[in-house]
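To convert, note that position 12 of the sequence shown is 11 in numbering that gives the first Met the number 0; the numbers rise steadily by one, no gaps. Glycine included, every Cβ here is placed at the ideal spot set by N, Cα and C. What follows is a single structure, written as structure tokens, with notes after it.
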Amino acid sequence: MKKSICIEKLFVDLPFYERFAKVREAGFDYIEFGSWEQHDVKRIRALLEENRLKLGCFSGDKDYNLIDPAHSREFIDYLKRSVDVAHLLGCENLVLHSNALAEEGRMCTAGNEQNDRTKIACATKNLLEAARIAEKDGVTLQLEPVSTYAKPGYYMTTSASAADIIRVVGSPRLKLLYDIYHMQLMEGDLANTLRKNADILGYIHIGDVPGRHEPGTGEINYGYLKKVLVEELGFDGIFAFELSPLTTMEACLEAMRAF
0 MKKSICIEKL
10 FVDLPFYERF
20 AKVREAGFDY
30 IEFGSWEQHD
40 VKRIRALLEE
50 NRLKLGCFSG
60 DKDYNLIDPA
70 HSREFIDYLK
80 RSVDVAHLLG
90 CENLVLHSNA
100 LAEEGRMCTA
110 GNEQNDRTKI
120 ACATKNLLEA
130 ARIAEKDGVT
140 LQLEPVSTYA
150 KPGYYMTTSA
160 SAADIIRVVG
170 SPRLKLLYDI
180 YHMQLMEGDL
190 ANTLRKNADI
200 LGYIHIGDVP
210 GRHEPGTGEI
220 NYGYLKKVLV
230 EELGFDGIFA
240 FELSPLTTME
250 ACLEAMRAF
């Protein structure tokens, strides 16, 4: 099983570049983070090699909204730059959002005033072009719905809101990033929703509800969901722990290793 650690949620008591060694010491093979632009990507590449780590994903959009026609050119231009960085870092996945999230966790709300027809049309247009780039350059785009509990005003807040457009685009390089924490808050019925979207599942984010902590600390039956994903659906992608410890880092790491 491929397990990834989000280093913007874990080991945050350390400077960013010191977290890579901690992920390796903890016994995990993959890491991920959000935006790349504020970091030294050559240093990241060296740290990945030094610690024998793989980069699971990072964000490919930053400040540009998928749903805003005024952002379309900049959205695609920034995606192309992100693809170049992905190649440099040996990363196969780029995360996209309906409303881009900046490095400080801010949400870009430009375009929210548009009507639904415009947002959906713009998102579809941009994703068609983005998918062509991804197919040409050999990366996979992971479109992530996010809960309004975390980001009030976010547009794609359910699995269907992203999945319907993914299926219209119809590219093997455009997948659904299913964040179990966000989707439990927004729609529940997790197992059946995973089954319904098995054909487009590309990446899994893990965090329990409430609090976005490690599996086993809240209301989600992660043991059952793991069985559905791995044994029933044959999902062989990355399970990424995007969460913070409920109590101690040691207890959190133990729960993640046991998953």
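The closest CA to that of T147, considering only E186, I132, Q113, is found on E186. Judged by DSSP in its simplified three-state form, T139 adopts strand.
Beta-carbon to beta-carbon, S160 and M182 are separated by about 11 Å, too far to satisfy the 8 Å threshold.
By the C-beta density criterion, A45 is exposed, having fewer than 16 other C-beta atoms within 10 angstroms. Judged by DSSP in its simplified three-state form, G55 adopts strand.
In the DSSP assignment, E253 falls within the unbroken alpha helix (DSSP H) covering 248-257. Between A197 and I203, the alpha-carbon positions lie close to 12 Å from each other. If the five residues before and after R42 are omitted, its C-beta is found closer than 8 Å to the C-beta atoms of Y16, all from its own chain and listed in chain order. In this structure, F240 lies near K2, with their beta-carbon atoms less than 8 Å apart.
In the DSSP assignment, L47 falls within the unbroken alpha helix (DSSP H) covering 40-49.
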